[in-house]
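Beneath this line is the structure, given in structure tokens, with notes to follow.
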Amino acid sequence: MNRKEFIKGSAILSAAVIANPISLTSCGLITNNKESRDVLRIIKSTHEMVGTLPIIRAFAGDQNDYVSPFVLFDEFGPVDINKGSEPLGVGAHPHAGVTPTTYFLEGSGHHKDSLNYDFQVNKGEFMMFSSGRGAIHMEETGNQMQAEGGVYHGFQIWLNNPAAHKFSTPETYVHKTGAIPEIIKDEYSIKVVMGELFGKKSPAQTFSPAFYYDVNMKKNCRLTIPVEATHNAFVYAINGKLELKNQNELNPNQVALFERGKETIDLFAKEDTRILILGGQPLNEVVYSYGPFVMNNEEQIKLCYKNYQEGKMGNPKLVR
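Residue numbers for the sequence shown follow my numbering, so the first one is 134 and each next one is one higher.
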């Protein structure tokens with residue numbers, strides 16, 4: 134990829150669409166608990182293309198007051214990959230100041246970067262590409278999907294680095310399926326991808342407090358999730374139908390943002406439902422972005438672009 138082309142299709146500045154009106158439904162929650170969080174708003178995702186890959190974008194650079202420390206949320210696929218088909222994905226491109234994370238629900242992907250990592254990320258695995266002062270990577274469906282076919286489906290969600298770590302040393306981490314703790318009950322199961330929940334703690338390390346839970350709920354399951362009162366929290370529906378406080382209904386590909394100030398979130402599954410719950414300590418810092426560079430001011434962005442042009446983030450021709 135030409136150094137001047139990396140911005141195309143990768144800018145994080147966009148506007149999510151508010152789901153209007155908010156659906157009201159018969160109440161499945163036992164009570165509307167005054168001690169649990171209220172829904173601030175429900176937003177619906179947009180369908181876009183990144184490289185040759187179709188994605189569902191929940192937010193990108195907007196809603197920051199209530200999604201920080203996250204700054205971008207994409208669901209890729211689900212896409213049916215035929216055996217022998219050309220790989221789908223995004224060619225070599227840089228990042229700086231942000232940690233893109235990748236989590237596979239189905240299929241696998243090929244990751245290669247300027248830090249000399251070249252591997253497959255498989256179903257149930259969680260990858261963190263902590264770009265810091267700048268590094269290059271590429272992402273595609275890869276040889277395994279090309280040889281076997283199947284469903285390619287997962288999430289790329291960007292975790293913003295705090296100001297003190299914008300120019301940290303780049304690192305790549307992969308957490309295998311067995312390393313991600315799981316809570317299994319009769320009515321629900323939860324994978325603690327990041328953070329800590331119900332005594333289970335993820336091995337994933339972050340620069341600031343953050344959590345990321347993959348939750349499967351059976352029909353009529355009621356679940357209360359604890360959250361630090363000062364932390365942000367939001368819920369994304371993958372499938373099924375979820376009822377929230379005050380009879381708010383969350384449908385697939387919608388995001389519920391919650392008010393802060395209270396320490397629990399109440400959930401009720403009207404049918405078998407899978408959701409992601411994310412959040413953490415708001416950074417309360419200016420977000421200044423230019424494509425895949427996420428910084429705190431214009432001068433830092435200019436420095437990142439200069440470093441990329443001068444090859445200090447690596448050679449994109451070697452990351453293919």
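Backbone N, C-alpha and C define an ideal beta-carbon position, used for all residues, glycine too. Only a predicted model underlies this, so the values are computations on that prediction, with no experimental measurement involved.
Are there 16 or more other CB atoms within 10 angstroms of the CB of residue i, so buried, or fewer, so exposed?
| i | result |
| --- | --- |
| Asp-347 | buried |
| Met-446 | buried |
| Glu-272 | buried |
| Pro-359 | exposed |
| Lys-450 | exposed |
| Met-260 | buried |
| Met-350 | buried |
| Glu-431 | exposed |
| Ala-312 | exposed |
| Thr-310 | exposed |
| Met-278 | buried |
| Lys-435 | exposed |
| Asp-251 | exposed |
| Thr-274 | buried |
| Gln-433 | buried |
| Met-182 | exposed |
| Ala-297 | exposed |
| Arg-170 | buried |
| His-270 | buried |
Look up residue i in the DSSP assignment and say whether it is helix, strand or coil.
| i | result |
| --- | --- |
| Gly-275 | helix |
| Thr-310 | helix |
| Pro-211 | strand |
| Lys-318 | coil |
| Lys-439 | helix |
| Lys-167 | coil |
| His-270 | strand |
| Leu-221 | coil |
| Pro-449 | helix |
| Ala-362 | coil |
| Glu-432 | helix |
| Gly-444 | coil |
| Asn-372 | strand |
| Val-204 | strand |
| Ser-156 | Because the pLDDT at Ser-156 is just 42, under 50, the model does not fix this residue reliably, and the value given afterwards should be weighed accordingly. Reduced to three states, the DSSP call for Ser-156 is coil. |
| Lys-324 | strand |
| Lys-378 | helix |
How far does the alpha helix (DSSP H) with residue i in it extend, from its first residue to its last?
| i | result |
| --- | --- |
| Tyr-250 | That residue, Tyr-250, is in no alpha helix (DSSP H); it is neither H nor E in DSSP. |
| Val-200 | 197-200 |
Rounded to whole angstroms, what's the CA-CA distance from residue i to residue j? Just pull it up for me.
| i | j | result |
| --- | --- | --- |
| Ile-214 | Thr-235 | 19 Å |
| Gly-184 | Gly-194 | 19 Å |
| Phe-419 | Ala-280 | According to the sequence shown, residue 419 is Val rather than Phe. Between Val-419 and Ala-280, the C-alpha separation is close to 45 Å. |
| Asp-319 | Val-284 | 28 Å |
| Val-354 | Lys-378 | In the sequence as displayed, the identity of residue 354 is Cys instead of Val. Distance between the alpha carbons of Cys-354 and Lys-378: 14 Å. |
| Phe-401 | Gly-373 | 11 Å |
| Pro-385 | Ala-370 | 5 Å |
| Pro-295 | Ser-341 | 7 Å |
| Ile-317 | Ile-323 | 7 Å |
| Gly-332 | Leu-292 | 23 Å |
| Gly-240 | Gly-287 | 8 Å |
| Glu-315 | Gly-265 | 29 Å |
| Asn-417 | Ser-218 | 44 Å |
| Phe-344 | Ile-189 | 21 Å |
| Asp-246 | Pro-227 | 9 Å |
| Pro-233 | Glu-404 | 31 Å |
| Pro-187 | Ser-178 | 13 Å |
| Ala-225 | Gln-380 | 45 Å |
| Val-231 | Cys-437 | 12 Å |
| Glu-168 | Thr-363 | 14 Å |
| Ile-290 | Asp-207 | 6 Å |
| Leu-383 | Ala-229 | 33 Å |
| Phe-300 | Phe-367 | 28 Å |
| Thr-406 | Leu-356 | 12 Å |
| Ala-191 | Ile-176 | 8 Å |
Would you verify that the beta carbon of residue i is, or is not, closer than 7 Å to some beta carbon of chain C?
| i | result |
| --- | --- |
| Ser-263 | In the structure shown, chain C cannot be found, because there is only a single protein chain. |
For residue i, report the span of its beta strand (DSSP E) as first-last.
| i | result |
| --- | --- |
| Leu-416 | Neither: Leu-416 is in no beta strand (DSSP E) and is coded neither H nor E. |
| Thr-117 | Because the chain spans 134 through 453 in this model, residue 117 falls outside it and cannot be assessed. |
| Phe-340 | That residue, Phe-340, is in no beta strand (DSSP E); it is neither H nor E in DSSP. |
| Val-183 | 179-183 |
| Glu-404 | No beta strand (DSSP E) contains Glu-404, which DSSP labels as neither H nor E. |
| Pro-187 | 186-193 |
| His-286 | 283-293 |
| Val-420 | Run containing Val-420: none; DSSP gives neither H nor E here. |
| Ser-264 | Per DSSP, Ser-264 belongs to no beta strand (DSSP E) and is neither H nor E. |
| Glu-239 | 231-239 |
| Phe-391 | 387-391 |
Exercise for the section: Count the C-beta pairs between the segment 323-343 and the segment 402-414 that are closer than 8 Å, then say yes if the count reaches three, no if not. Expected result: Because the criterion of three Cβ pairs below 8 Å is met, the segment 323-343 and the segment 402-414 touch.
Handout entry: Cβ contact check for the segment 333-353 and the segment 297-308: 3 or more pairs under 8 Å
Key = Yes, the segment 333-353 touches the segment 297-308.
Exercise for the section: Evaluate the contact criterion for the segment 435-443 versus the segment 389-405: three or more CB pairs, one atom per stretch, below 8 Å. Expected result: No, they do not touch.
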